[in-house]
Amino acid sequence: MSRRPRRRFSDVQKTKAVLAHVQDGVPVSQVCENLGIHPNQYYEWQKQAFSSLPHVFSRDAIRQERSHQREVDNLKSKLSQKDEVIAELLTEHIALKKKTGVKN
């Protein structure tokens, strides 16, 4: 008997599966059948989802998200500055090549 390869479900797929039952009222058996999983797997996902809910509303998580967003904005700013410097240097380089007559 050959073993089937282990399937991986994304976080989005797991979330949709749990929400299908909790929000939409789809029976667990139907959710599991649609995904081809055992009900124990579904209940493990549901347990993980519910256990992480307090962290969603914690102030630390909100602060961390804001800090992360500030860091992303800062890095985007640095990246655009870098791109401007590179464009300026390339323009100068091309002008110097034309002035001196260098091909490559």
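Add 1223 to the 1-based position in the sequence shown for the working numbering, that's all there is to it.
Note that the Cβ used here is the ideal one computed from N, Cα and C, for glycine as well.
Host alpha helix (DSSP H) of Phe-1273 (start-end)
1262-1279
Name the two residues that bound the continuous alpha helix (DSSP H) containing Ser-1300.
Per DSSP, the unbroken alpha helix (DSSP H) holding Ser-1300 starts and ends at 1282-1323.
Taking its Cβ as the centre, do 16 or more other Cβ atoms sit within 10 Å of Ala-1240, making it buried, or is it exposed?
With 16 or more other Cβ atoms within 10 Å, it is buried.
What's the gap between the Cα of Glu-1330 and the Cα of Gln-1304?
Absent from the model: residue 1330. The displayed extent of the chain is 1224 to 1327, so no value can be given.
Beta-carbon proximity check, Leu-1258 vs Gln-1236, cutoff 9 Å:
yes
Check Asp-1247 in the structure and name its three-state DSSP category.
Correct three-state label for Asp-1247: coil.
Coil, strand or helix - Lys-1237 by DSSP
helix
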